[in-house]
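In the numbering used here, the protein residues as written are 566 to 1473. All C-beta atoms in this analysis are idealised placements derived from N, C-alpha and C, irrespective of residue type, glycine included. Below is one structure, written out as structure tokens; the observations come after it.
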């Protein structure tokens, strides 16, 4: 429905015209004040203006001229109704500008008036179309001129966005640039968008709707804000009052360069024509963005090329087809000590040594003819300094025509010096490697890539690890393979030692291998040094034998020291048994202490047998209460600290401050020996008597024991050497082994022993042992004890009469049938005649040993159980026992119970 703006200065005329307009289905806007007619027309933009001036209340012609002279309202058709044609004619004769498009004077006909208004309305539509077309062409022309004339991308986007907002009559707009690497749109410019909304929409993912739009190459689209597909943006748009939202893709040959977005608060639909215009603007803008991107890329490439030319270490020269230099980069100028202007116009032959000009000319010609090449020459700097260079030259063509050559120059003076130094260094290291007394191998995978002369004497060519491994025993092959795999895995295994047979002498050699990871030939490699330690081994073994012989010569005193300690207790309590014969309780206590002393003697012998072996076996460790061991040691040593001291007229007071402590794991006999040594040392340090204090406590997860005396004490030098083997402060009465053995025992138990002393103020030894872990023991039904059957025929062989008789008595007490033999020959004779259920033989017998008796017994009676009885039982390994064919081992000295338990396992 067309809109008419109506103003009349007379009410009757106003009602008549309004009635006529309504009958013709016009929408009427009435202006009650004639002078405001032009203002209302600019605001409402009616399709037709009707101005009646039948009364002289206002000047209708002046109002009409104001309307027509305003560019914004000049296209609005205007009809002036006057009270006479004379007034209309007078306006025309006065030469004044046209005030209206049509005039009618009273009296007018309603039908004629309606017809004239229809004609003017049609004229208005034509004018609006022309104005819109002019506006669109102006907008496109503006955008095109901006694209061409505005080099700054930001200014271009600002101008384009302003045009789009004007064309569409929107309230806000924004242009986004597409970031293909992130699949997102980044905000570039915005108009009419608040700060909060701008922060929210600074980066948005490419929406599915927009992706579809790009794929179909559709033009600008617009729709209600409620239908906008970006959920996190839609509430903010609605909150800002935007009723419509639209977008147009900025494309360049189908490639998305960006998106222009616009929003309007009004609900009036945006005409399709404006959307088409925005689509055209978007196409121009997309091409402009593509051109800007290409220009930026070209500029970056140009800057990069220039930066490379300026910063590259190699010198560059360009020469034309006449051989004249047209360009020199900064590096070339630095090499020659000249500026580019000085070099321009000269030739390459002008900057080389005179003696090399002809060769350079020939080499350049060769490089051009062959399409490129390299050669070495010597440049001559501005100050006359020769500069050896490597030249890479290639021809330059343009449209298939030779335009000159490009030459790159690398200063190789330092390289020449490095090559000379490298050759000298390589020769030095080659001599060192080849003449090294050690073998040197370089291994990559399973291949030996280098071996020095020492190695080549051992292994034939071609070298391989397989050849080396073939000379090893299977166990050593496995160890070496594991060592090599450790290096391959990036670990750093310790050096490995093994025996290998020399290929020439067939003698066994001991070698030590050390490896380290290196790079060789550009690849990871393993450098192996092979050291022949055979002579060192032999020397060590000889030294060890000598040292053992020397130590054994001095051990007699140490053995006597330990056994005197033990025998003192045994002898003392034997004497007490005679005195306590009428006191059963005291007698039993004396016998128990004698038994403890005997067991400790057994342990002492076994420790002396393994004095020079590394003590690692802790299988004999059991949970022990340290305070109980202290009480036993005090009681066992009483004859020494109480009785002997009394005979000297001295009094040694023993104070036991024993707190209840957690259990420790250990060997009771060994720990009692340590305590006995410490008590005896303390008593020796107090010849005139004193106080000996023993205390236990728990400190930081360890059980602590201190043994303190008030004796003579030691100085700093004595303290430093107190645990050294064979060091003693007792002169001829001491062996120097007691504290050394004690330290060894404590360390074997995982503990520490330390000492503090001051001359004249006494000595304190402190022992710290780890608390035994609490291991829950599952409660199982008690197994029935195995009973030993009686009447078994047992042959016992031993060259020691006392041992032979003891075994016979013990076995007969257990109701066995016993036959004894005092030698190996006698035993074999019996085995040849008789059948037996068990053989017990001493191992170390003269003439025919126990091993020979066992071998002959296996031949005569396969399946016969054999028990080896020996005083060296703790030195025999299970493997050695198996080689002897023995089913059991009876270690001397042994108890009645131990013998019975062993027999119960072998005789059922």
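Residue j beta carbon less than 7 Å from that of residue i
{"i": "residue 644", "j": "residue 685", "result": "yes"}
{"i": "residue 630", "j": "residue 664", "result": "yes"}
{"i": "residue 1254", "j": "residue 1204", "result": "no"}
{"i": "residue 1392", "j": "residue 1412", "result": "no"}
{"i": "residue 1195", "j": "residue 1091", "result": "no"}
{"i": "residue 1005", "j": "residue 1094", "result": "yes"}
{"i": "residue 739", "j": "residue 826", "result": "yes"}
{"i": "residue 757", "j": "residue 737", "result": "yes"}
Sequence-distant residues of the same chain with beta carbon closer than 7 Å to residue i, five excluded per side
{"i": "residue 839", "result": "732, 733"}
{"i": "residue 790", "result": "799, 802, 803, 807, 808, 809, 810"}
{"i": "residue 770", "result": "748, 749"}
{"i": "residue 681", "result": "644, 667, 669"}
{"i": "residue 581", "result": "none"}
{"i": "residue 1347", "result": "With a pLDDT of only 43 at residue 1347, under the threshold of 50, the placement of this residue in the model should not be trusted, and no figure is reported."}
{"i": "residue 623", "result": "574, 599, 600"}
{"i": "residue 1152", "result": "1142, 1145, 1146"}
{"i": "residue 1364", "result": "1387, 1388, 1407, 1410, 1411"}
{"i": "residue 867", "result": "none"}
{"i": "residue 976", "result": "900, 952, 954"}
Residue i (DSSP reduced to helix, strand or coil)
{"i": "residue 758", "result": "coil"}
{"i": "residue 1306", "result": "helix"}
{"i": "residue 1146", "result": "coil"}
{"i": "residue 807", "result": "coil"}
{"i": "residue 1003", "result": "coil"}
{"i": "residue 1317", "result": "strand"}
{"i": "residue 1017", "result": "coil"}
{"i": "residue 1138", "result": "helix"}
{"i": "residue 955", "result": "strand"}
{"i": "residue 1334", "result": "strand"}
{"i": "residue 1285", "result": "helix"}
{"i": "residue 1195", "result": "helix"}
Classification of residue i by the beta-carbon crowding that lies within 10 angstroms, buried from 16 upward
{"i": "residue 744", "result": "exposed"}
{"i": "residue 962", "result": "exposed"}
{"i": "residue 566", "result": "exposed"}
{"i": "residue 1235", "result": "buried"}
{"i": "residue 1023", "result": "buried"}
{"i": "residue 1017", "result": "buried"}
{"i": "residue 759", "result": "exposed"}
{"i": "residue 1237", "result": "buried"}
{"i": "residue 1048", "result": "buried"}
{"i": "residue 741", "result": "buried"}
{"i": "residue 985", "result": "exposed"}
{"i": "residue 1187", "result": "exposed"}
{"i": "residue 1307", "result": "buried"}
{"i": "residue 633", "result": "buried"}
{"i": "residue 936", "result": "exposed"}
Neighbourhood of residue i by C-beta, 8 Å cutoff - its chain only, sequence neighbours within 5 removed
{"i": "residue 978", "result": "952, 953"}
{"i": "residue 609", "result": "568, 570, 594"}
{"i": "residue 1112", "result": "Low per-residue confidence applies at residue 1112: pLDDT is 41, beneath 50, and the placement is therefore not dependable, though the value from the model is reported in the following sentence. Nothing meets the Cβ criterion."}
{"i": "residue 890", "result": "882, 883, 884, 908, 909, 910, 911, 912, 913"}
{"i": "residue 1198", "result": "1237, 1240, 1241, 1244"}
{"i": "residue 1344", "result": "Legend: pLDDT at residue 1344 = 43, less than 50; position of this residue unreliable, no value from coordinates given."}
{"i": "residue 1055", "result": "1082"}
{"i": "residue 1266", "result": "1335, 1336"}
{"i": "residue 886", "result": "967, 968, 969"}
{"i": "residue 1432", "result": "1403, 1404, 1405, 1406, 1451, 1452, 1453, 1454, 1455, 1467, 1471"}
Contacting residues, own chain, Cβ-Cβ under 6 Å from residue i (five flanking each side not counted)
{"i": "residue 1424", "result": "none"}
{"i": "residue 586", "result": "569, 593"}
{"i": "residue 1108", "result": "Model confidence at residue 1108 stands at a pLDDT of 48, short of 50, so the residue's coordinates are unreliable; what they give is reported in the following sentence. Counting only Cβ-Cβ distances below 6 Å, and skipping sequence neighbours, we find nothing."}
{"i": "residue 1063", "result": "1041"}
{"i": "residue 957", "result": "939, 973"}
Neighbour flag for residue i against chain C, beta carbons, 7 Å
{"i": "residue 1271", "result": "Included in the structure is just one protein chain, with no chain C present."}
How about the stretch 1374-1384 and the stretch 1413-1433: do they share at least three Cβ pairs that are nearer than 8 Å? no
So, do the stretch 1317-1330 and the stretch 1368-1376 have three or more beta carbon pairs nearer to each other than 8 Å? no
Answer yes if the stretch 1326-1340 comes into contact with the stretch 1264-1271, meaning at least three C-beta pairs across the two stretches below 8 Å, and no otherwise. Result yes; three or more Cβ-Cβ pairs closer than 8 Å.
- Are at least three pairs of beta-carbons, each pair with one atom in the stretch 931-949 and one in the stretch 853-873, less than 8 Å apart? Segment contact: the stretch 931-949 against the stretch 853-873, fewer than three CB-CB distances shorter than 8 Å; contact not assigned.
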